[in-house]
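Asker: Here you go, one structure.
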Amino acid sequence: MIKLYYHPSPNPAKVALFLEETGLPYEMVPVDTRKGDQFKPEFLAINPNAKTPALTDGDVTVFDSNAILLYLAEKTGKFLPADTPKARGEMLSWLMFVATGIGPYCGQAVHFSRFAPEKIPYAINRYAREAERHWGIVNDLLAGRRYMLGETYTLVDMSIWGWATRLSFAVGETWPEMFPHVKRHLDEISARPAAQRATALKDQFAFKADFDAEARKFLFPQNAHLPG
Ligand SMILES: N[C@@H](CCC(=O)N[C@@H](CS)C(=O)NCC(=O)O)C(=O)O
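Read in the UniProt record's numbering, the sequence shown has 174 at position 174, and its numbers run on one by one without any break.
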């Protein structure tokens, strides 16, 4: 049985969507990152990077959301583009663009605007503008095609969906005016029954909601090294 190590946040959401789309049987293992579950030895043995999601499938262990999407797509043969070098090149490019651009820049934009102990205008501006620039690229692509890779729904759409659900948080409430084609894509995917089941997963477990001193200690352990 596949085990999905899950927290209700953007990167695990992509994998939950893929699993729900395929109907593969799986068990959800909650990793309550605000309580420090990501640092427990049993989880570090699965993901030494101490982040969610991670997945085990028999003796296979995979961590990092986009790696997991690719693993599951190759395992099932589902939600992949045409099996040609050209289509695979395009798929890998956009998947890595999400992994190295959309995810980290949105994450840092949220961090510096909302959670950093100091409000640093340079960092806030840099990450906000870079997050917007990346979404602008996605918006331009989706202006000319229904899905990320063309007319077929693939793993790349699921990868985008994870962070698109948090755009208000990462870019601000006016994001649909800035990125109308991303909004159309998000609304279409969110209406899929699999997306609704993936979204409801969080209700199966009482994840810690408080963003208190304990949560900040586990989510930002590097702050212990700040002077003063
Ligand atoms: N590159 C990783 C990033 C994973 C990541 O940052 N996960 C967040 C949730 S979206 C997390 O586990 N945060 C808890 C922490 O940083 O301690 C991926 O795509 O899976």
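Idealized CB from N, CA, C, for every residue including glycine.
Remember, it's a predicted structure, so these values are computed and weren't measured experimentally.
Any heavy atom of ligand 1 inside 7 Å of the beta-carbon of Gln196?
Answerer: Outside the cutoff, so no.
Asker: Can you tell me whether Asp187 is buried or exposed, with buried defined as 16 or more other CB within 10 angstroms of its CB?
Answerer: It counts as exposed.
Asker: How is Asp140 classed by DSSP in three states: helix, strand or coil?
Answerer: Correct three-state label for Asp140: helix.
Asker: Please report the Cβ distance between Leu24 and Thr76, rounded to the nearest whole angstrom; I am assuming they are in contact, meaning their Cβ atoms lie under 8 Å.
Answerer: Yes, Leu24 and Thr76 are in contact; Cβ-Cβ is about 7 Å, under 8 Å.
Asker: Label Met96 either buried or exposed according to how many other C-beta atoms from any shown protein chain fall within 10 Å of its C-beta, with 16 as the threshold for buried.
Answerer: So Met96 counts as exposed.
Asker: If we define contact as Cβ-Cβ less than 8 Å, is Pro117 a contact residue for chain D?
Answerer: Reference to chain D is not applicable here, since this structure consists of a single protein chain.
Asker: By the 10 Å Cβ neighbour count, where 16 or more other Cβ atoms means buried, how is Lys86 classified, buried or exposed?
Answerer: With fewer than 16 Cβ atoms within 10 Å of its Cβ, Lys86 is classed as exposed.
Asker: Roughly how many angstroms lie between the CA atoms of Pro12 and Pro121, to the nearest whole one?
Answerer: When rounded, the distance between both Cα atoms is 30 Å.
Asker: Which residue marks the beginning of the beta strand (DSSP E) containing Phe63, and which one marks its end?
Answerer: Where Phe63 is concerned, the enclosing beta strand (DSSP E) stretches over 60 to 63.
Asker: Rounded to a whole number of angstroms, what is the C-alpha to C-alpha distance between Phe79 and Leu19?
Answerer: In a straight line, the C-alpha of Phe79 is about 11 Å away from that of Leu19.
Asker: Would you kindly check if the distance between the Cβ of Ile124 and the Cβ of Val138 is under 8 Å?
Answerer: Not in contact: Val138 and Ile124 (Cβ atoms no closer than 8 Å).
Asker: Assuming the contact rule is C-beta atoms closer than 8 Å, Trp94 and Leu149 should be a hit. Round their C-beta distance to whole Å, please.
Answerer: 7 Å between Cβ atoms; contact.
Asker: Quick one: which unbroken beta strand (DSSP E) runs of 3-plus residues sit fully inside the segment 13 to 75? Chain order, please.
Answerer: Listed in chain order, they are 26 to 30, 54 to 57, 60 to 63.
Asker: Nearest-angstrom Cα distance between Ile46 and Ala194?
Answerer: Using only the alpha carbons, I get a separation of about 26 Å.
Asker: Just confirm the distance between the C-beta atoms of Ala109 and Ala128, as a whole number of angstroms; I'd bet it's less than 8 Å.
Answerer: About 5 Å separates the two Cβ atoms, so the contact holds.
Asker: Closer than 7 Å to a non-hydrogen atom of ligand 1 - does that hold for the CB of Asn125?
Answerer: Checking the Cβ of Asn125 against ligand 1 gives no.
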